[in-house]
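Engineer: Chains as they are written, first to last, in the UniProt record's numbering: chain A, 1 to 205; chain B, 1 to 205.
All C-beta atoms, glycine included, are put in the ideal place defined by N, C-alpha and C.
Number of protein chains: 2
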Amino acid sequence: MIFENIKEESKQKIVTAALREFAENGYNRASTNSIVKRAGVGKGMLYYYFKNKYELYVYLITQSLGVIEEHVNKQINLDETDFFERYRQTVDIEMKVYMENADFFNFMSYVFVMENDHLPNDLSDSIEQLKTEGFGSLYKNIDLTKFRDDIDVEKALQLIQWALDGYQQQLIERLKGTDFSNFEFEVYQKEFMEYLNVLKTSFYH
Amino acid sequence: MIFENIKEESKQKIVTAALREFAENGYNRASTNSIVKRAGVGKGMLYYYFKNKYELYVYLITQSLGVIEEHVNKQINLDETDFFERYRQTVDIEMKVYMENADFFNFMSYVFVMENDHLPNDLSDSIEQLKTEGFGSLYKNIDLTKFRDDIDVEKALQLIQWALDGYQQQLIERLKGTDFSNFEFEVYQKEFMEYLNVLKTSFYH
DNA sequence: ATACTCATTGACTGAAATGGTCAATAACTT
DNA sequence: AAGTTATTGACCATTTCAGTCAATGAGTAT
């Protein structure tokens, strides 16, 4: 059960099935028929609880972003002014949440990292907005004086962002399809730290 | 005319139309009906020159990779041992080719950068192979002693790769849909150099 | 028992789009 | 006139899709 406080059993089943279906196929290729088959309920139930496919998708995104945001906001330490340490903490928290549910992780990968097919309407925009909002806490109260004076800090931060995005994307690729049962969190943590240290050494004076 | 040496006029039309269709939609969403409509030829012509949709796609990829490879191989200077300068040269050459034809550029974006939908058979693998082969010349005869001794060079190179991939992806996003007519090559070149310099300053001793 | 409400079903709809075929024919060449 | 090559587009069979709705089951209140 990813999202609590859903009393209705069938709705719960649909939400769980939909999360997996969207995680595997993205919005456009995901099929409502497949969702209800997976959920083991009649087709009508989907349209009893949700107006249509689109609203179901929006519901999932909203809930998911809420879950992540809640965890990060609750656990992040804004007194830590070191950029890399802040980054490490953020990813740490997120990873712990994702590990609870691989479908959730893959769904978020679709929403965040992968191209959102051709999403209808303005959903694509609002995802982008929520994404950058989410990244906001990444830069709050960060000590930029630690960076070398002979480089353009803004460009450096951008490059670091891109590099770490690359690392995460590669991690997603590696983890795709696994159920996380044999995922060694400590091993990943160590590897991630090593990459962070390379960046730290290079970009700090 | 992107690929020369096609005498057959109709085949040429189909290839041009197909490049655009695939560039806009990727493999799965691209429609053969749409291609022939765009090409202004009868449906049968597509199946006169190509066995099926898949073979048409493979043909385009093969040709495209050939064009790029040819240009790079002909123009790259392997005596240049500086990694960043090598990278700059490579991207430079590629950009000049892409600027001749925006469809070609967008098609290659799909093949390389974006997720290849769920490509049939082993095509996805062979693209990956050609991609890494292509990157091969990026590391040939490179002077690694220029890198700082206090960092893991292999990890550093990987991070640089990810960062510059990020830059390129962002560039693709910015250029998407444009016809390149108002694309200021020198402006882009300058910007790219600035990012390269940040990396150079940070990772070289 | 009766009536009423909420939950649930799945066969069905109509539309769209798909890749691919093929008999017919036009356009050239010999 | 015969033969070859290029070209057409109506047509096919199939799939898939989001969404509907009359029917019914389950539970509760009267």
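(1) Taking Cβ-Cβ distances below 7 Å as the criterion, which residues of the UniProt DNA-binding region "H-T-H motif" (31-50) of chain B are in contact with chain A?
(2) Could you compute how far the alpha carbon of residue 49/A sits from the alpha carbon of residue 58/A?
(3) Would you list, in sequence order, the uninterrupted alpha helix (DSSP H) runs of no fewer than 4 residues that lie entirely inside the segment 146-175 of chain A?
(4) With a threshold of 8 Å on Cβ separation, who are the neighbours of residue 187/B within its own chain once the five nearest residues in sequence on each side are excluded?
(5) Can you check whether the CB of residue 201/B is closer than 7 Å to the CB of residue 160/A?
(6) Do you know whose CA, among 91/B, 87/B and 2/B, lies nearest residue 64/B's CA?
(7) Report yes or no: is there a C-beta of chain B within less than 7 Å of the C-beta of residue 93/A?
(8) Let me see if you follow: with CB-CB separation under 7 Å, is residue 175/A close to chain B or not?
(9) Is residue 66/A close to chain B, meaning its C-beta is less than 7 Å from at least one C-beta of that chain?
(10) At the level of alpha carbons, what is the spacing between residue 45/B and residue 10/B?
(11) If the criterion is Cβ atoms closer than 7 Å, does the pair residue 103/A and residue 20/A meet it?
(12) Kindly indicate which residue of 199/B, 143/B and 101/B has the alpha-carbon position closest to the one of residue 183/B.
(13) Please classify residue 139/A: is it buried, with 16 or more other beta-carbons within 10 angstroms of its beta-carbon, or exposed?
(14) To the nearest angstrom, report how far apart residue 41/A and residue 92/A are at their CA atoms.
(15) Which value, in whole angstroms, describes the spacing of the CA atoms of residue 164/A and residue 163/B?
(16) May I ask you to list, following chain order, the residues of the segment 158-183 of chain B that have a beta carbon less than 9 Å from some beta carbon of chain A?
(17) Write down every uninterrupted run of the alpha helix (DSSP H) in the segment 37-105 of chain A whose length is 4 residues or greater and which is fully enclosed by it, in chain order.
(18) Spell out whether any CB of chain B is found under 7 Å from the CB atom of residue 150/A.
(19) For residue 109/A, count neighbouring C-beta atoms within 10 Å of its own C-beta (all shown protein chains included) and say buried if the count is 16 or more, exposed if not.
(20) To the nearest angstrom, how far is the alpha carbon of residue 149/B from that of residue 97/B?
(21) What residues from the segment 81-92 of chain A come within 9 Å of chain B, judged by C-beta to C-beta, listed N to C?
(22) Below 7 Å on C-beta distance, what does residue 187/B contact in chain A?
(23) Work out the CA separation of residue 203/A and residue 198/B for me, nearest whole Å.
(24) Please determine, among 29/A, 180/A, 106/A and 43/A, the residue with the shortest C-alpha to C-alpha distance to residue 13/A.
(25) Suppose contacts are defined by Cβ-Cβ distances below 7 Å. Is residue 83/A in contact with residue 142/A by that definition?
(26) Report the residue from 133/A, 170/A and 155/A whose alpha carbon sits nearest the alpha carbon of residue 66/A.
(27) Are the C-beta of residue 155/A and some C-beta of chain B separated by less than 7 Å?
(28) Could you list which residues in chain A have their beta carbon closer than 8 Å to that of residue 201/B, in chain order?
(29) Determine, using beta carbons only, whether residue 198/B comes closer than 7 Å to chain A.
(30) With a threshold of 7 Å between beta-carbons, can residue 195/B be considered close to chain A, or not?
(31) Can you give me the C-alpha to C-alpha distance between residue 26/B and residue 78/A, rounded to a whole angstrom?
Structural biologist: Once the coordinates are examined:
(1) Those residues of the UniProt DNA-binding region "H-T-H motif" (31-50) of chain B that come within reach of chain A (Cβ to Cβ, closer than 7 Å) do not exist; the list is empty.
(2) If you number the first sequence from 1, residue 49/A lands on position 49. If you number the first sequence from 1, residue 58/A lands on position 58. The straight-line gap from Cα to Cα measures roughly 13 Å.
(3) Qualifying alpha helix (DSSP H) stretches, in chain order: 153-175.
(4) Start at 1 with the first residue of the second sequence, and residue 187/B comes out as number 187. Same-chain partners within the cutoff: there are none.
(5) Walking along the first sequence from the start, residue 160/A turns up at place 160. Walking along the second sequence from the start, residue 201/B turns up at place 201. No; because the gap between Cβ atoms is not below 7 Å, this pair is not in contact.
(6) Walking along the second sequence from the start, residue 64/B turns up at place 64. Residue 64/B has its Cα closest to that of 2/B, out of 91/B, 87/B and 2/B.
(7) The count along the first sequence starts at 1 and reaches residue 93/A at position 93. It does not: the Cβ of residue 93/A has no partner Cβ on chain B nearer than 7 Å.
(8) Start at 1 with the first residue of the first sequence, and residue 175/A comes out as number 175. With 7 Å as the cut-off, residue 175/A does not count as an interface residue toward chain B.
(9) Locating residue 66/A in the first sequence gives position 66, where the first residue counts as 1. No, residue 66/A does not count as interfacial toward chain B.
(10) Here residue 45/B is taken as the residue at index 45 of the second sequence, counted from 1. Here residue 10/B is taken as the residue at index 10 of the second sequence, counted from 1. The alpha-carbon atoms of residue 45/B and residue 10/B are separated by roughly 7 Å.
(11) Here residue 103/A refers to the residue found at position 103 when the first sequence is read from its first residue. Here residue 20/A refers to the residue found at position 20 when the first sequence is read from its first residue. Contact flag set, yes.
(12) Residue numbering aside, residue 183/B sits at position 183 when the second sequence is read from its first letter. Comparing Cα positions, the closest option is 101/B.
(13) Sequence index remark: in the first sequence, residue 139/A carries index 139 (1-based). It counts as exposed.
(14) Here residue 41/A is taken as the residue at index 41 of the first sequence, counted from 1. Here residue 92/A is taken as the residue at index 92 of the first sequence, counted from 1. Approximately 37 Å, taken between the alpha carbons.
(15) For the purposes of this step, residue 164/A is identified with residue 164 of the first sequence, where counting begins at 1. For the purposes of this step, residue 163/B is identified with residue 163 of the second sequence, where counting begins at 1. Rounded to whole angstroms, residue 164/A to residue 163/B spans 8 Å at the Cα level.
(16) 158, 159, 160, 161, 162, 163, 164, 165, 166, 167, 169 and 170
(17) The qualifying runs are 43-49, 53-75 and 83-99.
(18) In the first sequence, residue 150/A corresponds to position 150, counting from 1. For residue 150/A, the answer is yes, since a Cβ of chain B falls inside 7 Å of its Cβ.
(19) Counted from its first residue, the first sequence places residue 109/A at position 109. Per the 10 Å Cβ criterion, buried.
(20) Taking the second sequence and counting its residues from 1, the one referred to as residue 149/B is at position 149. Taking the second sequence and counting its residues from 1, the one referred to as residue 97/B is at position 97. If I take the Cα positions, the gap works out to 37 Å.
(21) none
(22) As a working note, residue 187/B is residue 187 in the second sequence. Residues of chain A passing the Cβ test: none, with the nearest at roughly 16 Å.
(23) Counting from one through the second sequence, the residue named residue 198/B turns up at place 198. Counting from one through the first sequence, the residue named residue 203/A turns up at place 203. Looking at the two C-alpha atoms, the distance is approximately 9 Å.
(24) In the first sequence, counting from the first residue as 1, residue 13/A sits at position 13. For the residues 29/A, 180/A, 106/A and 43/A, the minimum Cα distance to residue 13/A belongs to 43/A.
(25) In the first sequence, the residue the question calls residue 83/A occupies position 83. In the first sequence, the residue the question calls residue 142/A occupies position 142. For residue 83/A and residue 142/A, yes; Cβs fall inside 7 Å.
(26) Here the question's residue 66/A lines up with position 66 in the first sequence. For the residues 133/A, 170/A and 155/A, the minimum Cα distance to residue 66/A belongs to 133/A.
(27) Indexing the first sequence from 1 puts residue 155/A at position 155. With 7 Å as the cut-off, residue 155/A counts as an interface residue toward chain B.
(28) As a position in the second sequence, residue 201/B is number 201, starting the count at 1. The answer, in chain order, is 148, 150 and 151.
(29) Counted from its first residue, the second sequence places residue 198/B at position 198. So, interface residue.
(30) Here residue 195/B is taken as the residue at index 195 of the second sequence, counted from 1. Taking Cβ atoms only, chain A reaches closer than 7 Å to residue 195/B, which makes this a yes.
(31) Counting from one through the second sequence, the residue named residue 26/B turns up at place 26. Counting from one through the first sequence, the residue named residue 78/A turns up at place 78. When rounded, the distance between both Cα atoms is 43 Å.
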